């Protein structure tokens with residue numbers, strides 16, 4: 019797990035180096051901010067279209083081999099881009115094609131890496147492993163963003179892409195030496211499956227499980243509301259700080275720093291969760307929404323800074339708990355497909371959320387958007403909890419696979 023965390027830190031740093039430089043490169047080529055947004059959308063679009071197939075592939079293929087190959091392919095794309103940039107042969111068409119290819123590979127690489135990391139620890143420690151992953155991601159983002167400026171200043175734009183390529187190869191070289199924890203990967207795709215078993219692993223089975231699993235549907239609803247109306251702080255707080263609070267870019271930079279610090283603290287706290295549940299995610303999301311309401315009414319920048327830290331902490335712990343539920347609730351042979359469904363749904367939020375929030379801000383202003391969004395989130399979660407109390411659990415039949423425990427055998431194992 020230590021090696022895997024180190025590899026992910028290097029990979030995240032390389033990824034953020036490339037993302038930072040890519041935006042600058044698109045601006046240099048086109049001079050258009052709209053083109054920059056287009057390049058980001060092209061890379062995200064495959065998650066909406068082919069994530070279901072990517073999740074099915076993760077369930078069918080050996081996990082370590084899948085991660086090794088996907089990382090090597092991502093490295094090849096990064097090296098290709100670096101070569102084109104160094105030779106001054108890059109144009110917008112080539113950049114968009116390479117971004118699209120990266121997005122397609124990522125639909126397999128993302129869930130495969132997430133589930134491989136979970137295989138390295140005992141089942142009881144999976145929430146902690148996810149928290150460590152969130153911490154590594156945040157640290158890699160900070161390091162990569164800082165290193166991007168240094169790399170471009172001393173070695174040129176192509177160096178950031180080359181560094182990202184090397185980071186992928188580092189991960190690929192570490193994977194063969196990873197050893198799953200005893201009993202942690204009973205249903206993981208650790209080796210070749212029979213042809214009949216592979217054929218039965220359909221995308222439809224994953225979608226059906228997700229849709230018929232009330233706790234996963236509830237988790238999707240909570241996360242969707244929070245993503246659209248509660249977590250686009252780069253937009254809402256930017257307008258609040260520079261508008262009603264009469265601050266400048268420096269003031270918003272301070273707010274962003276506090277948000278980053280809160281995210282790291284939340285990742286550390288989230289790593290201590292032992293048995294996260296959808297109820298935990300909902301209560302944390304509601305608490306964050308109420309803090310958001312108070313933040314929207316902040317009379318000064320100082321008051322806002324006091325509120326922003328706990329907002330970020332609660333959001334980070336809630337994310338960690340939700341990810342733990344998502345990655346551990348489905349049976350092992352369905353987890354890749356469930357993550358594929360989640361990726362598709364999450365892409366809808368990320369693409370549709372900012373325009374919806376922008377319309378709300380046009381109508382109600384920054385303060386109104388924060389207050390209305392927070393009340394909508396807290397009210398919806400509260401109503402859902404009340405409805406849940408009046409109902410009962412809904413059983414979901416799941417087809418068994420080799421290695422799964424069912425009936426009395428599972429009950430005896432639990433006892």
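Residue numbers (the numbering used here): 19 to 433.
Every residue gets a Cβ at the ideal spot worked out from N, C-alpha and C, and that includes glycine.
Keep in mind the model is a prediction, meaning the values are calculated, not measured.
Kindly indicate which residue of 37, 152, 78 and 108 has the alpha-carbon position closest to the one of residue 341.
Looking at the Cα atoms, 152 is the closest of the given residues.
CB-CB under 6 Å to residue 47, same chain, minus the five flanking residues each way: which ones, in chain order?
Once the five neighbours on either side are set aside, the close Cβ partners of residue 47 are 110.
Using a Cβ-Cβ cut-off of 6 Å (strictly less than) and excluding sequence neighbours within five positions of residue 238, which residues of its own chain qualify?
Excluding sequence neighbours, residue 238 sits near 363.
Spatial neighbours of residue 183 within its chain, please: C-beta separation below 6 Å, excluding the five flanking residues on both sides.
Closer than 6 Å at the Cβ level, and outside the excluded window around residue 183, lie 93, 96 and 97.
Rounded to whole angstroms, what's the CA-CA distance from residue 41 to residue 35? Just pull it up for me.
Cα to Cα, residue 41 sits roughly 10 Å from residue 35.
Would residue 189 and residue 25 be called neighbours here (beta carbons separated by less than 9 Å)?
Contact: yes.
Under 9 Å between the Cβ atoms of residue 186 and residue 90?
Cβ distance < 9 Å, so residue 186 and residue 90 count as in contact.
Using a threshold of 9 Å, state whether the C-beta atoms of residue 338 and residue 309 are closer than that.
Against a cut-off of 9 Å, the Cβ pair of residue 309 and residue 338 comes out as no contact.
Taking Cβ to Cβ, would you say residue 398 is nearer than 9 Å to residue 243?
Result yes, Cβ atoms of residue 398 and residue 243 sit closer than 9 Å.
Can you tell me whether DSSP reads residue 36 as helix, strand or coil?
Reduced to three states, the DSSP call for residue 36 is helix.
Taking just the CA atoms, how far does residue 365 sit from residue 20?
Whole-angstrom Cα-Cα distance: 30 Å.
Tell me the residue span of the alpha helix (DSSP H) that contains residue 270.
Note, residue 270: alpha helix (DSSP H), 267-288.
Compare the Cα-Cα distances from residue 246 to each of 379, 176, 166 and 266 and report the closest residue.
Among 379, 176, 166 and 266, the Cα nearest to that of residue 246 belongs to 379.
Which residues in the same chain as residue 327 place their Cβ atom closer than 6 Å to its Cβ, once the five residues preceding and following it in sequence are excluded?
Here the set comprises 276 and 280.
Considering only their Cβ atoms, is the gap separating residue 356 from residue 227 smaller than 9 Å?
Their beta carbons are under 9 Å apart, which means residue 227 touches residue 356 by this criterion.
Between which two residues does the alpha helix (DSSP H) carrying residue 13 extend?
An answer regarding residue 13 cannot be provided, because it is not within the stretch 19 to 433 covered by the chain.
By the 10 Å Cβ neighbour count, where 16 or more other Cβ atoms means buried, how is residue 78 classified, buried or exposed?
Per the 10 Å Cβ criterion, buried.
Could you pull out every unbroken alpha helix (DSSP H) segment of at least 4 residues lying fully inside the region 74-111, listed in chain order?
Listed in chain order, they are 81-104.
Please report the distance separating the alpha-carbon of residue 180 from that of residue 33.
The alpha-carbon atoms of residue 180 and residue 33 are separated by roughly 11 Å.
If the criterion is Cβ atoms closer than 9 Å, does the pair residue 148 and residue 345 meet it?
It is a contact, given that the beta carbons lie within the stated cut-off.
Between which two residues does the alpha helix (DSSP H) holding residue 182 run?
From DSSP, the alpha helix (DSSP H) with residue 182 extends over 175-192.
For a test of the three-state rule: what should DSSP assign to residue 23, helix, strand or coil?
Residue 23 falls in the helix class under three-state DSSP.
Once DSSP output is grouped into helix, strand and coil, what is the label at residue 198?
If DSSP states are grouped into helix, strand and coil, residue 198 belongs with coil.
Relative to the C-alpha of residue 317, which candidate in 263, 353, 156 and 311 has its C-alpha closest?
Looking at the Cα atoms, 263 is the closest of the given residues.
Buried or exposed for residue 150, please, with buried defined as at least 16 other CB atoms from any protein chain shown within 10 angstroms of its CB.
Result: buried.
Tell me the residue span of the alpha helix (DSSP H) that contains residue 356.
Where residue 356 is concerned, the enclosing alpha helix (DSSP H) stretches over 353-408.
For residue 37, collect the residues of the same chain with a Cβ closer than 7 Å to its Cβ; drop the 5 residues on either side in sequence, then sort them by chain order.
Nothing listed; no residue qualifies.
Excluding the 5 residues preceding and the 5 following residue 30 in the sequence, name in chain order all residues of the same chain whose CB lies nearer than 7 Å to its CB.
Excluding sequence neighbours, residue 30 sits near 154, 155, 158, 159 and 162.
Enumerate in chain order the residues of its own chain whose CB-to-CB distance from residue 382 is below 7 Å, with the five nearest sequence positions on each side excluded.
Cβ within range, chain order: 390.
Can you give the Cα-Cα distance for residue 294 and residue 336, rounded to whole angstroms?
Distance between the alpha carbons of residue 294 and residue 336: 9 Å.
Using a Cβ-Cβ cut-off of 7 Å (strictly less than) and excluding sequence neighbours within five positions of residue 236, which residues of its own chain qualify?
The answer, listed in chain order, is 296 and 402.
Between residue 227 and chain D, is there a C-beta pair that is closer than 9 Å?
Of the protein chains in this structure there is only one, and it is not chain D.
So which of 396, 343 and 313 has the shortest CA-CA distance to residue 304?
Minimum Cα distance to residue 304 is reached at 396.
If you check the beta carbons only, do residue 354 and residue 224 fall under 9 Å apart?
The answer is yes: Cβ separation under 9 Å.
Output the boundary residues of the alpha helix (DSSP H) element that contains residue 449.
Nothing can be reported for residue 449: it is not among the residues displayed for the chain, which extend from 19 to 433.
Between the alpha carbons of residue 208 and residue 371, how many angstroms are there, rounded?
With a pLDDT of 41 at residue 208, under the threshold of 50, the modelled position of that residue is not reliable, and the figure given next carries that caveat. Rounded to whole angstroms, residue 208 to residue 371 spans 37 Å at the Cα level.
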